[in-house]
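Heads up: the structure comes next, in C-alpha cells.
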Amino acid sequence: MKKAVKKAVKIVVTLLFVGVVGFGLISWARNAAGKKAPFTLVDVKKGTLVDKALAVGQIVPRKEIQVKSQISGIVQEYFVDVGDPVRTGDPLFSIIPDPTPLELADAERQIELAKVTFDKAQADLDRSGALKRSGLIPLGDFDAQKETFDHARIQLEMTKERYSLLKEGKIKRTEGKSVDSVIRAPASGTILERDVNAGDPVVPLTTYQAGTVLMTLADMGDLIFKGTVDEIDVGKLKEGLPVRIQIGALPTAQVKGKLARIAPKAKEKDGATLFDVEVTITDPAGAVLRAGFSANSDIVIREKQNVLIIPERLVSFEGSKAFVEIPAADPKKEPVRKEIKTGLSDGLQVEVLEGLKEGEKVVQRPPKEIT
Numbered sequence: 004m005k006k007a008v009k010k011a012v013k014i015v016v017t018l019l020f021v022g023v024v025g026f027g028l029i030s031w032a033r034n035a036a037g038k039k040a041p042f043t044l045v046d047v048k049k050g051t052l053v054d055k056a057l058a059v060g061q062i063v064p065r066k067e068i069q070v071k072s073q074i075s076g077i078v079q080e081y082f083v084d085v086g087d088p089v090r091t092g093d094p095l096f097s098i099i100p101d102p103t104p105l106e107l108a109d110a111e112r113q114i115e116l117a118k119v120t121f122d123k124a125q126a127d128l129d130r131s132g133a134l135k136r137s138g139l140i141p142l143g144d145f146d147a148q149k150e151t152f153d154h155a156r157i158q159l160e161m162t163k164e165r166y167s168l169l170k171e172g173k174i175k176r177t178e179g180k181s182v183d184s185v186i187r188a189p190a191s192g193t194i195l196e197r198d199v200n201a202g203d204p205v206v207p208l209t210t211y212q213a214g215t216v217l218m219t220l221a222d223m224g225d226l227i228f229k230g231t232v233d234e235i236d237v238g239k240l241k242e243g244l245p246v247r248i249q250i251g252a253l254p255t256a257q258v259k260g261k262l263a264r265i266a267p268k269a270k271e272k273d274g275a276t277l278f279d280v281e282v283t284i285t286d287p288a289g290a291v292l293r294a295g296f297s298a299n300s301d302i303v304i305r306e307k308q309n310v311l312i313i314p315e316r317l318v319s320f321e322g323s324k325a326f327v328e329i330p331a332a333d334p335k336k337e338p339v340r341k342e343i344k345t346g347l348s349d350g351l352q353v354e355v356l357e358g359l360k361e362g363e364k365v366v367q368r369p370p371k372e373i374t
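Per my numbering, the very first residue in the sequence shown carries number 4; after that it's consecutive.
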C-alpha cells in the first residue's frame, strides 16, 4: 500500500515538473518572438535631392476667343464643328434675320421717307442745272444743291440696305461688293466649343449687352499650365525656374516648362491661401496636349545630384547642430552619437555635408509603440 502511494506521488511530482518547464519554454519562446531588434542599420549613399514646390492646375490655351454676332437673328447653319482648324476670315455661321413686324414696317417707312427727300432733291437739282446753263444762278448755288442731292441719294441707299439686311440677311451693292450675315473667324485656331445649333436665337453684341457666345476657338499650338501654389512655398519662387509637369492622362510624358508668372495677390479656397502661377511649356516631349488636361507641376527651386544622403528621420536636431547614431566598434555596446553637418532637404532625405562617408552605417531605431 505504501509503495503504491509513493509511486502515485512520484508521478504527480513529475507531471508538475514537466508542466512548469513546458510553460517556461512557451513563455520564453513568446517573449523571444515578440522582442524586436534594438535597431537596424541604414547605408549612407549618394543620390539626387530636389527642393520643389507643388502647383496643382490644368493645361489651357494661352488665349481663348469667344465668337459673337453683331446682328440679331436665328442660326441658319454652321460650317465648322468642334476640333476643326480655321483660318482668319473662314465662315463659321450664317445668321438669318428674325425681325418683328414693327421693325419691318418701320424700315419700309424709312425707305418711303428717304425716297420723297431724294425725289425733291433731284427735282431741285434739275432746276438748278437749267438755271446754271442759262447763267441765272451762280456756280456756288448749283454746287450746294448738288451736295443736297448727294446726301439724299446716300440716305436712300442706306435705308434700302438696312431693309435688305433686316429682311434677307444680306446687302447687295451696285459696285459688286456685298455684305452678308455670315459670322467669320476673327483669328486662326482650333474650335474648342460650339455653343449654338441651327435654329437657336442669337442676341447681338452691343455696348449694353454681352451677346450670345456662338463658338470658342484657340491656338492649340500655344498651350500653358495654369495652377495654384500654397503660400508656404510662394516665397521661394521666382520667374524663370524650371518646371516638370505631370499630366494625369499621360503618365509617361516628361513635359517641361518654365515659370512665367506669379500672381501678386493671394486668393482663398477651401480655407487655404493660394497664389496663381502660370507656366510656359517649353518641351511637350512629343505628347499630344489637349486643353483641360489636369496636371501637377513640380517647380524646381534647387537640385543637387550625386550627393551623400540619408533619411531625415534618422537625424536629431538640437539648436543649430545635427546628430545621428552610428554603431559602436564593439557590437555589444550601445550606438554612439555623432555630429554631422546637413545641407539640402526634400522633406524625406537630407544631404550630408560633413561627418559621414559613403558606405558608412547609420542606426535606425524602431518606432516606439503606443500602449
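Where a beta carbon is used, it is the ideal one built from N, C-alpha and C, also for glycine.
- Note the first and the last residue of the continuous alpha helix (DSSP H) segment covering residue 339. Numbered from its first residue, the sequence shown carries residue 339 at position 336. Segment 339-348 is the beta strand (DSSP E) holding residue 339; no alpha helix (DSSP H) there.
- Query: Taking the alpha-carbon positions, what's the residue 135 to residue 149 distance?
  - Reply: In the sequence shown, the residue the question calls residue 135 occupies position 132. In the sequence shown, the residue the question calls residue 149 occupies position 146. Computed Cα separation, rounded: 12 Å.
- Message: According to DSSP, is residue 76 part of a helix, a strand, or is it coil?
- Response: In the sequence shown, residue 76 corresponds to position 73, counting from 1. Here residue 76 sits in strand by DSSP.
- Item | residue 258 burial status per 10 Å Cβ neighbour count (16 or more: buried) | Translated into positions along the sequence shown, residue 258 becomes position 255. It is buried - the Cβ of residue 258 has at least 16 other Cβ atoms within 10 Å.
- Task: Can you grab the Cα-Cα spacing for the pair residue 38 / residue 245, in whole Å?
- Result: Within the sequence shown, residue 38 is the residue found at index 35, counting from 1. Within the sequence shown, residue 245 is the residue found at index 242, counting from 1. Low local confidence applies: a pLDDT of 47 at residue 38 is under 50, so the model's placement there is unreliable, with the coordinate-based value given in what follows. Between residue 38 and residue 245, the C-alpha separation is close to 49 Å.
- Where DSSP assigns a beta bridge to residue 329, which residues make up the other side? In the sequence shown, counting from the first residue as 1, residue 329 sits at position 326. Answer is 339, bridged to residue 329.
- Message: Within 10 Å of its beta-carbon, does residue 177 have 16 or more other beta-carbons around it, so buried, or fewer, so exposed?
- Response: Reading the sequence shown from its first residue, position 174 is the one you call residue 177. Here residue 177 scores only 47 on pLDDT, less than 50, and its place in the model should not be relied on; the value that follows carries that caveat. With fewer than 16 Cβ atoms within 10 Å of its Cβ, residue 177 is classed as exposed.
- Under three-state DSSP, which class holds residue 44? Here the question's residue 44 lines up with position 41 in the sequence shown. Residue state, collapsed to three classes: strand.
- Query: Of all the options 322, 332, 333 and 309, which has the alpha carbon lying nearest to the alpha carbon of residue 47?
  - Reply: The residue labelled residue 47 in the question sits at position 44 within the sequence shown. Answer by Cα proximity: 309.
- Item | Within the stretch 182-213, ranges of the beta strand (DSSP E) (whole runs, at least 3 residues) | 185-187 and 192-197
- Item | Beta-bridge partners of residue 310, as assigned by DSSP | Mapped onto the sequence shown, residue 310 falls at position 307. According to DSSP, which records beta bridges pairwise, residue 310 is partnered with 50.
- Query: What residue from 69, 223, 306 and 344 has the CA that sits closest to residue 293's CA?
  - Reply: Working through the sequence shown from its first residue, we reach residue 293 at position 290. Out of 69, 223, 306 and 344, 223 has the C-alpha closest to the C-alpha of residue 293.
- Just to confirm, are residue 220 and residue 72 a CB contact at a threshold of 8 Å? Here residue 220 corresponds to residue number 217 of the sequence shown, with the count starting at 1. Here residue 72 corresponds to residue number 69 of the sequence shown, with the count starting at 1. No.
- Task: Compute the distance between the beta-carbons of residue 260 and residue 280, then report whether it is under 8 Å.
- Result: By 1-based counting over the sequence shown, the position of residue 260 is 257. By 1-based counting over the sequence shown, the position of residue 280 is 277. No. Outside cutoff.
- Task: Just grab the DSSP bridge partners of residue 352 for me.
- Result: Within the sequence shown, numbered from 1, the residue matching residue 352 stands at position 349. In the DSSP output, where bridge partners are listed per residue, residue 352 has 314.
- Task: Give the range of the beta strand (DSSP E) segment to which residue 99 is assigned.
- Result: Within the sequence shown, residue 99 is the residue found at index 96, counting from 1. Element bounds for residue 99: 94-99.
- Query: Are the stretch 83-102 and the stretch 226-234 in contact at 8 Å, needing three or more beta carbon pairs?
  - Reply: no
- Going by beta carbon distance, what residues of the same chain come within less than 7 Å of residue 256, once the five residues before and after it are set aside? Position 253 of the sequence shown, counting from 1, holds the residue named residue 256. Excluding residues within five positions, the ones whose Cβ falls inside 7 Å are 250, 288 and 290.
- Query: Going by C-alpha distance, which of 318, 204, 345 and 360 is nearest residue 366?
  - Reply: As a first step, residue 366 must be located in the sequence shown, where it is residue number 363. Taking only the C-alpha atoms, the option nearest residue 366 is 318.
- Should residue 321 be labelled buried (16 or more other beta-carbon atoms within 10 Å of its own) or exposed? The residue you call residue 321 lines up with position 318 of the sequence shown. Counting Cβ neighbours within 10 Å, residue 321 comes out exposed, since fewer than 16 surround it.
- Does the ligand NAP have even one heavy atom less than 7 Å from the beta-carbon of residue 316? Inclusion of the ligand NAP in the displayed structure is not the case, the ligand content being empty and no account of it being possible.
- Message: Which residue wins for smallest C-alpha separation from residue 69, given the options 192, 357, 232 and 132?
- Response: In the sequence shown, the residue the question calls residue 69 occupies position 66. Closest option to residue 69, Cα to Cα, is 192.
- Indicate the three-state DSSP secondary structure (helix, strand or coil) for residue 156 in the structure shown. Mapped onto the sequence shown, residue 156 falls at position 153. Correct three-state label for residue 156: helix.
- With a floor of 3 residues, list each beta strand (DSSP E) that falls wholly inside the stretch 206-257, ordered by position along the chain. 216-221, 226-233 and 245-250
- Message: Checking the sheet assignment: what are the DSSP bridge partners for residue 67?
- Response: Locating residue 67 in the sequence shown gives position 64, where the first residue counts as 1. The partner list for residue 67 (beta bridge, DSSP) reads 221.
- For residue 199, is the classification buried or exposed, using 16 other Cβ atoms within 10 angstroms of its Cβ as the cut-off for buried? For the purposes of this step, residue 199 is taken as the residue at position 196 of the sequence shown. The residue is buried, with at least 16 neighbouring Cβ atoms inside 10 Å.
- Task: Please state whether DSSP places residue 119 in a helix, a strand or coil.
- Result: Within the sequence shown, residue 119 is the residue found at index 116, counting from 1. Here residue 119 sits in helix by DSSP.
- Query: Going by DSSP, which residues form a beta bridge with residue 280?
  - Reply: Along the sequence shown, read from residue 1 onward, the residue named residue 280 stands at position 277. Paired residues: 230 and 265.
- At least 3 beta-carbon pairs within less than 8 Å: the stretch 296-314 vs the stretch 74-89: no
- Item | Local Cβ density within 10 Å of residue 277, reported as buried at 16 or more and exposed below that | Translated into positions along the sequence shown, residue 277 becomes position 274. Looking at its Cβ environment, which holds 16 or more other Cβ atoms inside 10 Å, residue 277 is buried.
- Message: Rounding to the nearest angstrom, what Cα-Cα distance links residue 363 and residue 303 in this structure?
- Response: Indexing the sequence shown from 1 puts residue 363 at position 360. Indexing the sequence shown from 1 puts residue 303 at position 300. Computed Cα separation, rounded: 30 Å.
- Item | Classification of residue 230 by the beta-carbon crowding that lies within 10 angstroms, buried from 16 upward | Locating residue 230 in the sequence shown gives position 227, where the first residue counts as 1. Per the 10 Å Cβ criterion, buried.
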